[in-house]
Amino acid sequence: MINPNLRSFSLKDDSSYHIREYKPEDESGWLRCRVLAFLDTSYFDDVYPKKERYESPAIELVAESDGIIVGLIDVECEEKPGSICSPSNSLDDHLAGMIWHLAVHPDYRRIGIATGLIDEAVRRARDIDIERFEAWTRDDVITRKWYGSQGFKLVQSYYHVYLKLSDMETAGICSNSELKPYKVFAHYLGEDREFLSQFSRVHECVRFDLILNSIGK
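Positions 210 to 426 (my numbering) are the ones given, in order, by the sequence shown.
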């Protein structure tokens, strides 16, 4: 009997990988895969020392090749509409899932692993009546194009702003004799590009939605 939690894929170069559920003993490999996947992206310094644990039901999958974790996806799923994800004009009263993590090891890119992870996550999400996936990413062109190729639609955006000591006065951040901000990470919800141009590190953070009933079952 085929294990429904294990899906194998053969590649043209005779290598292979399989997608399965995450296990606690995968944590070290999961962390390594994630940090390596983000090194050449705008999330290069978004490092986790341990894997998140979720309060709500979650789809947690890994792609494994020769004992190495080469891809991962975590989707936290709502039990009540609006409890995790942002509002959706067309599906406000439906359950959604938040893609908190999606990454592929840089040595295993462009062989379909991310697509395989999404497809398997969608299959499992439908089984628990999830009708929409939500994902947030930054201004990496390849990543945005990939989401579009998978049927995700860009919904909204805002900005991530990293402030250095020299930026504090410009941003209107005050200090006192005992507390002096040295580095600050901020969200900017406005549209003043000239204001943003004063800061050395700014990323547009964009939301993509995937309506699950809009893709093939």
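Note that beta-carbon positions come from the ideal geometry of N, C-alpha and C, so glycine has one too.
A contact between stretches requires three or more CB pairs, one per stretch, nearer than 8 Å, and the stretch 284 to 295 fails this requirement with the stretch 240 to 258. Under the DSSP assignment, TYR356 falls in the alpha helix (DSSP H) whose first and last residues are 350 to 358. Listed in chain order, the non-local C-beta contacts of VAL244 below 6 Å within the same chain comprise VAL256, local neighbours out to five positions each way being set aside. According to the DSSP assignment, ARG333 belongs to no beta strand (DSSP E) but to the alpha helix (DSSP H) extending over 322 to 336. Put simply, the backbone Cα of ALA395 is about 14 Å away from that of GLU378. CA-CA distance, VAL415 to TYR231, rounds to 27 Å. Around HIS310, the same chain offers ARG243, LEU281, ILE282 and ASP283 as residues with beta carbons nearer than 7 Å, after the five sequence neighbours per side are excluded. Between ASP418 and VAL364, the CB-CB gap stays under 7 Å. Taking the Cβ atoms as the reference, GLU269 lies roughly 13 Å from MET307, outside the contact range of under 8 Å. DSSP, reduced to helix, strand and coil, places ARG243 within a helical segment of the structure shown. Only exposed fits ILE382, as fewer than 16 other CB atoms lie within 10 angstroms of its CB. A distance below 8 Å between beta-carbons, with the five flanking residues on each side excluded, links ALA267 to the following residues of its chain, in chain order: ASP283, VAL284, GLU285 and CYS286.
By the criterion of a C-beta distance shorter than 7 Å, ILE277 is surrounded in its chain by GLY238, once the five residues flanking it on both sides are discounted. Here GLU413 has ARG347, ASP348, SER366 and TYR368 as same chain residues with Cβ atoms under 7 Å from its own Cβ, once five neighbours each way along the sequence are excluded. Inter-residue distance for GLU403 and GLU236 is about 43 Å (C-alpha atoms, whole angstroms). Residue burial annotation: ASP275 is exposed, with fewer than 16 other C-beta atoms found within 10 angstroms of its C-beta.
Between GLU329 and the set ILE351, PHE361, VAL271 and ILE293, the nearest pair of CA atoms involves VAL271. Nearest to HIS314 by alpha-carbon distance, out of LEU240, LEU398 and LYS389, is LEU240.
Beta-bridge partners of TRP345 (DSSP): ARG416.
Residue pairing for LYS362: DSSP places it in a beta bridge opposite ASP418. Under the three-state reduction of DSSP, PHE394 is assigned to strand.
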